[in-house]
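Below: one structure, written as structure tokens.
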Amino acid sequence: MKIRLCFFLAALGLMLATAILGNVLEAKGMVTRGMLGPEGMAAVFVLFMGLFCLVCLTLIPLVIQVFIRGQIKIGNGELRVIKWLREHENAVVLAFWGLFVLGAILIYVLAKDEILREIMSG
């Protein structure tokens, strides 16, 4: 759990630190939207979308582990479903990751033109 929590906190911290740094640079006039242009704004969007996805993917194993521990703590640890989840925790995490990635791919394929137009227009 500690390693998973470290990955989650690192991803969240990186996202927050990057957002704060960007706001400070923009407030001081060192970097503006005009200076970045459409390609720069697209790069910023892709960076933050990637960090958001990383936070989401690192949160899934934590939530599953907290759920299992909570069920054990309240006395449901001997239920068949909880035993199965404990034994197959990594497979469940990988299945959820697969569903998230598949969903992201489907969204991109179905709305590619709108997504690219929105990114490039800023």
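To convert, count from 1 in the sequence shown and add 519; that's our numbering.
All C-beta atoms, glycine included, are put in the ideal place defined by N, C-alpha and C.
### Query
How long is the line joining the alpha carbons of Gly622 and Ala614, rounded to whole angstroms?
If you number the sequence shown from 1, residue 622 lands on position 103. If you number the sequence shown from 1, residue 614 lands on position 95. Distance between the alpha carbons of Gly622 and Ala614: 12 Å.
### Task
Answer yes if the region 529-539 comes into contact with the region 564-574, meaning at least three C-beta pairs across the two stretches below 8 Å, and no otherwise.
yes
### Contact under 9 Å by Cβ, Glu606 with Gln584
Along the sequence shown, read from residue 1 onward, the residue named residue 606 stands at position 87. Along the sequence shown, read from residue 1 onward, the residue named residue 584 stands at position 65. No. Outside cutoff.
#### Entry: Neighbour flag for Lys602 against chain D, beta carbons, 9 Å
Among the protein chains of the structure shown there is no chain D, as only one such chain exists.
#### Entry: Buried versus exposed call for Ile579 [16 or more other C-beta atoms within 10 Å across all chains shown]
Here residue 579 refers to the residue found at position 60 of the sequence shown. Burial call: buried.
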